[in-house]
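Student: I have a structure here, written as structure tokens, and I will follow up with some questions on it.
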Amino acid sequence: MRYLPHTPDDVASMLKAVGADSLEELFAGVPEACRRKDAWTLPEPLTEWELNAHMDRLAARMASAHSWKVYLGAGSYEHHIPSTVSYLLGRSEFSTAYTPYQPEISQGTLQGIYEYQTLTARLLGMDVANASMYDGGSALAEALLMAFRITRKKRRVAVSRAVNPFYRRVVATYFEPTGYDVVELPVLADGTTDLSGIGGIEDLAAVAVQSPNFFGCLEDLEAAGRAIHDAGAVFVACFSEPLAFGIVKSPGSQGADIVCGEGQSFGNPQSFGGPGLGMFATRQEHVRKMPGRLVGRTTDLEGRPGFVLTLSTREQHIRREKATSNICSNQGLCAMTAAMFMATLGGTGIRELAQLNHDKAEYLKEGLLAAGFSAPFAAPTFNEFVLKAPAGFADTWKRLQQQKIVAGLPLARLYPELDGHYLFCVTETKTRDDLDALIREVSS
Amino acid sequence: MRYLPHTPDDVASMLKAVGADSLEELFAGVPEACRRKDAWTLPEPLTEWELNAHMDRLAARMASAHSWKVYLGAGSYEHHIPSTVSYLLGRSEFSTAYTPYQPEISQGTLQGIYEYQTLTARLLGMDVANASMYDGGSALAEALLMAFRITRKKRRVAVSRAVNPFYRRVVATYFEPTGYDVVELPVLADGTTDLSGIGGIEDLAAVAVQSPNFFGCLEDLEAAGRAIHDAGAVFVACFSEPLAFGIVKSPGSQGADIVCGEGQSFGNPQSFGGPGLGMFATRQEHVRKMPGRLVGRTTDLEGRPGFVLTLSTREQHIRREKATSNICSNQGLCAMTAAMFMATLGGTGIRELAQLNHDKAEYLKEGLLAAGFSAPFAAPTFNEFVLKAPAGFADTWKRLQQQKIVAGLPLARLYPELDGHYLFCVTETKTRDDLDALIREVSS
Amino acid sequence: LNEPLLWERGKPGRSAYSLPRRDVERKALDERYAGSGPDFPDLSEVEVIRHYTRLSQWNFGVDTGFYPLGSCTMKYNPKTNERQASLPGFAGAHPLLPDELCQGVLELMAHLQELLAEVTGMDAVSLQPAAGAHGELTGMLIFAAHFRNKGENRTKILIPDTAHGTNPASCALCGFQAVPLKSNDRGVMDPEAVAALMDEETAGIMVTNPNTLGLFEENIKEIAEIVHRNGGLVYCDGANMNAVMGIVNMKDIGVDVLHLNLHKTFSTPHGGGGPGAGPVCVTKELEPFLPVPRVVREDGTYRLSDDFPLSIGKVHTFHGNFGVLIKAYSYILSMGPELKKVSQLAVLNANYIKERLKDVYHLPFDRPCMHECVFTDKKQQAHKVTTLDIAKRLMDYGFHPPTIYFPLVVQGALMIEPTETETKEDLDRFIEAMRAIAREAEEDPERVRQAPSKPKLRRLNEAEAARRPCLAG
Amino acid sequence: LNEPLLWERGKPGRSAYSLPRRDVERKALDERYAGSGPDFPDLSEVEVIRHYTRLSQWNFGVDTGFYPLGSCTMKYNPKTNERQASLPGFAGAHPLLPDELCQGVLELMAHLQELLAEVTGMDAVSLQPAAGAHGELTGMLIFAAHFRNKGENRTKILIPDTAHGTNPASCALCGFQAVPLKSNDRGVMDPEAVAALMDEETAGIMVTNPNTLGLFEENIKEIAEIVHRNGGLVYCDGANMNAVMGIVNMKDIGVDVLHLNLHKTFSTPHGGGGPGAGPVCVTKELEPFLPVPRVVREDGTYRLSDDFPLSIGKVHTFHGNFGVLIKAYSYILSMGPELKKVSQLAVLNANYIKERLKDVYHLPFDRPCMHECVFTDKKQQAHKVTTLDIAKRLMDYGFHPPTIYFPLVVQGALMIEPTETETKEDLDRFIEAMRAIAREAEEDPERVRQAPSKPKLRRLNEAEAARRPCLAG
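Chains as they are written, first to last, in the numbering used here: chain A, 4 to 447; chain B, 4 to 447; chain C, 10 to 482; chain D, 10 to 482.
What follows is the structure in structure tokens.
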């Protein structure tokens with residue numbers, strides 16, 4: 004086997020050196036009663052070429068964005084990934100390294116993550132960002148748990164019903180054994196969160212609002228922040244599409260205390276939903292309460308600048324059960340990818356790309372409205388929006404698959420009250436011709 | 004444009020530094036009469052994404068080995084390329100370097116090419132190999148020209164009609180303006196070269212024989228070498244499928260003076276025939292007459308081993324019109340690829356892979372013979388062979404394209420006397436099921 | 010070559026991104042929401058490429074050399090796995106595609122679950138957890154759900170001192186109190202100690218087996234019986250599974266929940282800190298509690314189902330780190346039954362190092378080890394050379410240092426895990442370097458204390474970094 | 010980290026290759042032919058990966074840093090071009106596919122030919138030559154065929170002293186005798202000198218324009234007229250085309266045959282010595298002599314045709330370095346009319362360096378230059394610091410040295426070609442380094458003479474290498 008270098012001679016001489024007669028004998032420390040009795044039923048090894056054929060076959064059975072027009076967003080976004088980013092990520096000095104425990108020989112990862120933290124903080128309008136969480140959902144759960152560490156002795160959080168329902172389910176899972184409560188905040192007629200009731204919630208540690216929210220609607224974060232702070236709670240602003248902040252005000256500038264969300268959009272392939280990238284940022288004063296790894300700048304013995312993992316006193320191997328979180332491996336390479344992507348776009352590029360996403364989504368929205376769809380929500384949107392379909396659209400939706408089009412996400416399962424409504428996402432990957440084709444199809 | 008970093012400010016300040024008012028003014032050295040008057044009609048720049056779509060469209064219009072079963076060889080071979088080789092080649096320290104004129108910062112290329120030279124010399128049974136030629140055809144032309152430098156004052160070479168006809172056409176082109184003659188040696192009934200006449204050729208500098216030859220037949224190189232040396236000529240052994248030397252005696256061991264051929268088989272994609280790799284080796288005594296670059300081992304100021312380009316006294320920038328050849332850029336990265344591929348296979352691997360090619364080809368040969376084909380040549384073959392097809396096969400051949408099969412190369416155009424004959428190539432990429440399917444199809 | 014920070018490069022107006030053609034009208038965003046965009050540097054393509062190419066050159070990876078970081082299983086990461094994960098059919102797959110449009114990935118997930126069940130001996134698998142510690146959390150959530158379902162209120166978990174560092178934190182997240190369990194003088198758990206602690210308020214035990222001393226918990230079966238007898242469950246941290254594939258059936262030895270680290274045992278690259286994947290394997294009895302959605306097969310087609318009322322819910326927004334799962338799947342298909350050989354050779358390599366170094370470094374437990382061995386700096390302390398010094402000096406010899414000062418149960422630990430992909434020649438070179446350092450510690454200790462000298466930087470001031478954190482530029 | 014030679018690694022029996030399954034019977038080869046196979050080392054996959062990963066780290070490429078190698082146009086090589094060339098439809102294409110099964114590549118070749126004709130102003134193009142010198146050879150073969158066809162026997166070619174080094178060798182290969190032509194004191198050719206040499210035995214002239222001094226041959230039009238008037242042809246070595254795209258129409262200035270270096274002007278990577286591509290562009294009159302097969306279009310489909318009786322034949326076994334052609338095609342489509350900007354910025358960058366360095370380095374021709382500028386070590390010679398020393402010292406500053414001691418017409422030449430893809434900041438850093446070296450040459454010349462000190466090795470003994478060649482291990 005090409006990954007196992009030992010020749011029979013190697014094995015023989017090494018066994019001799021350790022004083023064992025056989026490979027089996029090496030396992031003398033495993034009591035007989037613990038030895039596996041049953042035989043493997045693992046399939047015979049595939050050659051590299053059989054594996055390629057097998058995987059090609061599986062991959063061919065996918066409606067991938069490569070050959071389909073997929074108008075789905077809802078937390079996973081199709082964006083063009085420059086070949087530069089793919090190439091750089093493929094460099095195995097990045098991919099085959101472990102967490103940078105030994106800074107002298109890990110400056111590549113460390114500087115790269117430090118830059119990621121910086122660009123993320125700038126994007127979100129916050130002071131500090133961590134080195135990443137697993138994904139948007141777990142980042143939100145950790146943000147809410149962090150709020151309890153900030154506020155102490157409270158036991159309740161409120162989460163908008165317009166927050167991505169998958170994030171909310173992850174929060175529910177994390178909260179289940181803790182004894183903390185999650186209150187759901189209703190949605191107003193315009194598609195944004197109704198915060199009018201939070202003043203009446205007792206023991207409120209934090210309120211989480213997403214913008215653009217799951218319906219694509221922009222929340223008025225400034226107003227939200229005022230209401231949340233008035234209620235004495237931590238303002239958690241969450242997101243699933245960070246590209247929005249190319250043209251939309253950053254959550255930090257609107258008063259958020261913790262900002263968290265999903266960074267997949269930034270150069271990471273959709274890959275059936277993972278690996279994603281939990282982005283997580285807060286204000287300087289809360290940094291020691293923040294979960295996750297942090298890279299900091301320092302100097303070496305000769306005074307040269309360099310980077311290290313820092314504030315590890317918050318982490319499990321030191322604080323054990325009192326750690327700020329149990330997260331250890333994070334999404335390092337995805338964070339590096341996001342940094343490469345942000346650097347590739349630049350300040351000029353992200354503004355224009357975000358504007359283009361917005362404008363294309365608006366173009367489709369108008370086209371569909373003209374084709375008989377109606378808009379349930381009045382709030383402005385970024386690159387996603389909800390429309391109510393005309394009667395009979397369910398069949399059209401199915402028929403469009405013949406033309407390799409997935410025409411939006413039916414919302415009935417996630418929001419029973421939105422039966423017949425669809426969530427559409429349009430990114431820069433769709434041309435006007437694509438959009439016109441879709442509009443034509445649904446009109447006919 | 005993402006490849007052009009100059010901002011308007013940059014341009015302005017640089018123009019100021021050089022004392023010009025505009026970019027146009029920089030071209031003051033180009034007289035007005037020489038300025039281009041006509042406008043460009045170049046198409047507008049494509050974005051990276053439009054380019055991807057455009058190239059995908061072109062690539063989709065190809066019967067590539069990825070999705071077709073192509074039984075063609077004839078100088079270009081489909082072999083599995085390990086993902087390791089593709090990955091390593093993609094490392095831009097290799098690909099974006101120039102010819103290693105500055106050895107201190109080019110040891111990667113230099114050691115890699117030195118290893119290529121060594122493995123190539125070992126493979127071919129010769130003392131030294133150069134750093135590469137363009138391809139098999141030009142390598143043969145240069146080998147024959149080199150023979151004139153060895154023998155002096157002679158003016159004629161003989162080349163077997165069983166040498167790849169494309170190589171022979173390149174030789175003819177190179178020889179046309181030189182005044183040297185090329186004599187064609189006939190083919191015997193068993194598919195090998197008839198050398199009986201070479202004793203009678205006057206002024207004979209060299210004789211070139213290919214093995215396995217274009218018909219896939221193995222030549223008796225030892226006997227050929229004796230005859231050629233008896234005639235006082237240089238023995239040039241050529242090849243198009245170096246994998247054969249995994250199980251076939253090396254040309255060097257059979258007495259060849261110059262060995263040359265095509266190395267594409269070793270890890271280089273077929274890529275519509277190029278870039279290929281001209282492999283070229285000779286005996287120590289002729290090294291200063293050899294064309295092309297050479298890497299040699301030496302030491303640095305502190306005595307540490309290192310590598311440099313050497314014997315450049317044979318080259319154009321020093322010898323100008325008296326150089327051993329005009330070759331300057333060669334196929335460096337292809338040579339590196341071949342070395343990686345040889346290292347990946349190893350001695351054990353190349354024997355087994357070569358044997359497998361042979362055995363699969365034999366399997367198809369027998370199957371086709373049983374299906375009504377006949378064998379015109381009796382000499383043993385490696386992974387290619389010629390068969391005479393039963394009547395009506397031309398239609399079958401065409402029909403098989405519907406099933407994405409290219410069932411061999413029709414020889415009529417290249418060898419009118421072999422009308423109705425086909426050259427089949429079978430490599431390790433074909434499974435027994437593939438071969439059975441082809442046999443079944445031609446039988447029905 | 011030095012490399013400035015990203016924002017010290019570039020000029021406003023440059024771009025390394027190919028902006029798609031604008032083929033629709035510009036529409037201004039409502040002013041109330043419109044922001045001015047982030048303060049990112051503008052770079053050209055070549056600047057981006059050079060920046061990261063240079064950064065990469067400052068990093069040590071498995072492809073660079075021997076990386077015996079204990080407990081991290083830094084084996085070679087096959088290149089073909091990268092090819093598979095980047096196939097457009099996978100990379101371009103939206104996680105909410107209708108089932109009929111994503112049969113390829115559903116089949117892959119179902120098949121990978123079966124394979125992991127077969128490798129571990131467990132009954133059912135969830136691929137959702139995104140990392141080892143996330144698997145632990147998922148496991149603890151399953152514990153909690155199980156006892157809730159049974160109507161029992163258990164609040165404590167036994168955790169031996171040889172378990173991984175994340176274990177107590179994972180317990181705490183689920184509201185369990187971690188009860189420390191001391192190992193005996195053989196470096197393993199004692200059944201009596203477990204029996205003494207195991208009561209009706211204790212949900213069970215969380216062991217790492219083989220443990221972080223590289224030793225197999227030889228009493229695991231007996232301990233599992235004690236735990237089970239008291240109504241508890243046994244969690245096994247499977248981070249060290251690389252030692253026992255094909256050797257131990259985890260269910261047979263009494264494990265109820267096990268997590269795997271695909272980025273350790275199954276060769277997916279660690280990416281300088283992730284992404285990993287931490288699938289959780291359970292017994293039939295605990296299967297109802299696994300996260301949803303789960304892949305089910307009906308009439309030859311696969312679909313995702315949420316219909317598991319006892320499920321703990323979702324621990325990941327979608328289906329876990331799917332790209333990582335592809336790589337592990339590709340590895341397992343490439344190895345098949347050879348996975349047993351993997352464990353045998355991993356153990357052989359570790360024992361070989363142990364035997365060849367134990368005369369010069371103190372070996373606290375001189376017994377056959379599993380896939381890793383733990384030395385200490387006891388002998389070198391005499392010359393005021395510490396574990397940290399030894400680790401840094403290894404860099405000068407071209408090796409990544411072992412894990413240091415872990416496990417805590419051993420003072421000044423040097424935890425060496427060679428993995429099975431290393432050649433005997435490379436092990437010999439490492440052994441020579443370690444022996445040379447031991448000599449240097451006696452003859453020229455200052456040289457070791459001043460190490461490293463060859464990397465880009467010398468030792469970094471970590472205290473200063475923590476005292477005055479500079480976390481963004 | 011050092012890295013042994015391939016055959017100093019490995020052990021017999023290892024393999025890094027995944028051998029396909031044997032699904033047919035083994036058949037022994039006839040003993041008369043059967044050999045024992047080559048003496049290759051057997052390595053595991055990780056050994057191969059580490060070997061080449063380390064070798065790569067010893068190489069300086071464009072992605073590593075500024076590479077102002079004069080006359081080589083080391084511009085940035087876009088990554089998207091690599092993606093296009095590796096598409097399975099192209100990479101897996103056999104060169105002898107029937108025309109109807111390879112329309113994609115035929116269309117690409119036809120389109121690329123048109124684009125190159127448009128960029129240069131010439132009428133027809135062959136993509137077959139595999140490198141610049143191969144293009145020169147092809148061009149000379151066309152010259153020879155042209156005169157043979159006209160029944161003229163011309164045996165000489167004028168070659169100016171500012172032409173590229175390969176030119177005389179290419180002439181010689183075609184039986185032409187190279188007649189040297191001296192440049193005037195402005196660094197360019199003199200019409201009178203050409204007129205004096207141009208006779209009925211002379212086939213024409215082979216110029217490099219812009220020439221190797223980085224100067225535009227300002228008399229080219231007049232010279233071309235003289236050559237044509239005498240029945241000769243004008244060959245232009247287009248290696249320096251990066252200076253004049255959109256500025257000069259090569260046919261208009263009298264060029265009959267021109268070759269391009271796609272690995273220079275059109276950004277395909279040079280690969281540490283190739284593969285390149287050297288397409289040849291000709292006038293309508295010479296088109297019949299181009300190599301075969303040629304792509305022709307009929308009824309909307311493309312086919313390859315050999316039916317050009319005057320053709321010189323084949324210079325490549327198949328269709329040239331097709332993979333390289335794809336990358337150039339991809340580059341041209343990405344740039345379109347911006348190619349003019351490319352030349353403008355390349356010339357701007359070169360003039361900027363020239364102006365900023367001419368007070369400290371001797372500039373033999375103080376005139377506006379094109380895409381490169383040529384200095385000498387005249388000022389530094391006073392301190393016994395040579396061009397070679399300056400070049401080596403630049404390595405310590407993190408730059409690849411310029412081309413040195415070429416062109417021969419200038420003593421101790423330093424030929425600097427920055428290309429358009431370099432930022433002003435990087436040029437400024439390079440200028441600072443060059444100025445620092447000039448200071449060092451005065452204040453600490455020994456330091457410059459001892460350079461480099463930072464790369465893996467110090468200066469290598471090239472004399473010894475040539476005296477006792479060790480060419481294989």
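Note that CB positions come from ideal geometry on N, CA and C, so glycine has one too.
Mapping the DSSP letters down to three states, classify D:E109 as helix, strand or coil.
Tutor: Looking at D:E109 - three-state DSSP - the assignment turns out to be helix.
Student: Between the C-alpha atoms of C:W16 and A:R435, what's the straight-line distance to the nearest angstrom?
Tutor: If I take the Cα positions, the gap works out to 35 Å.
Student: If we ignore side chains and look at the alpha-carbon of each, how far apart do B:L438 and D:W67 end up?
Tutor: For B:L438 and D:W67, the distance between alpha carbons rounds to 46 Å.
Student: Could you please tell me which residues of the segment 69-85 of chain C, in chain order, have their CB closer than 9 Å to any CB of chain A?
Tutor: Those residues of the segment 69-85 of chain C that come within reach of chain A (Cβ to Cβ, closer than 9 Å) are F69, G70, V71, D72, T73, Y76, L78, C81, M83, K84, Y85.
Student: Classify B:A326: buried if its beta carbon has 16 or more other beta carbons within 10 angstroms, exposed otherwise.
Tutor: That one is buried.
Student: Strictly below 7 Å CB to CB, what residues from chain D border C:T432?
Tutor: Those are S53, E56, listed as they occur along chain D.
Student: Taking D:V243 as the reference, give the member of D:M250, D:G255, D:K230 with the closest Cα.
Tutor: Nearest C-alpha to D:V243: D:K230.
Student: Determine the chain B residues that contact C:T62 at a beta-carbon separation under 9 Å, and present them in chain order.
Tutor: By Cβ distance, chain B contributes S95, E96.
Student: Is it true that the CB of B:F242 sits closer than 9 Å to the CB of B:N133?
Tutor: It is not a contact, given that the beta carbons lie outside the stated cut-off.
Student: I believe D:V253 touches D:P219 by the beta-carbon criterion, under 8 Å. Please report the beta-carbon distance rounded to the nearest angstrom.
Tutor: About 7 Å; that satisfies the 8 Å criterion.
Student: Quick one: which chain C residues come within Cβ less than 8 Å of B:P13?
Tutor: Checking the displayed sequence, the identity of residue 13 of chain B turns out to be Asp instead of Pro. Here the neighbours are K20.
Student: Look at the alpha carbon of C:V324 and the alpha carbon of C:L267, and state the distance between them as a whole number of angstroms.
Tutor: C-alpha separation (whole angstroms): 16 Å.
Student: Could you check the C-alpha separation between B:L18 and A:M149 for me, to the nearest Å?
Tutor: If you take the alpha carbons of B:L18 and A:M149, they lie about 56 Å apart.
Student: Would B:A209 pass as a contact of B:A161 if the rule is Cβ separation under 9 Å?
Tutor: Cβ distance < 9 Å, so B:A209 and B:A161 count as in contact.
Student: Please tell me whether D:K273 has its Cβ less than 9 Å away from any Cβ of chain C.
Tutor: D:K273 does not count as touching chain C.
Student: Mind checking if A:S86 is an interface residue toward chain B, Cβ cutoff 9 Å exclusive?
Tutor: Yes, because at least one Cβ of chain B sits closer than 9 Å to the Cβ of A:S86.
Student: Establish whether the CB of C:K88 and some CB of chain D are separated by less than 9 Å.
Tutor: Yes, because at least one Cβ of chain D sits closer than 9 Å to the Cβ of C:K88.
Student: Evaluate contact between the segment 29-37 of chain D and the segment 340-347 of chain B, counting only Cβ atoms and requiring at least three cross-stretch pairs below 8 Å.
Tutor: No: fewer than three Cβ pairs fall under 8 Å.
Student: Of the residues that make up the segment 28-62 of chain A, which ones have a beta carbon closer than 8 Å to any beta carbon in chain B?
Tutor: Residues E51, W52.
Student: Return the Cβ separation of D:L105 and B:L412 in integer angstroms, given the expectation that the two are a contact with Cβ distance under 8 Å.
Tutor: About 6 Å separates the two Cβ atoms, so the contact holds.
Student: Name the chain D residues whose beta carbon is nearer than 8 Å to that of B:R354?
Tutor: Within 8 Å Cβ-Cβ: G46.
Student: Three Cβ pairs or more, each shorter than 8 Å: is that satisfied between the segment 112-131 of chain A and the segment 251-262 of chain A?
Tutor: Short answer: they touch.
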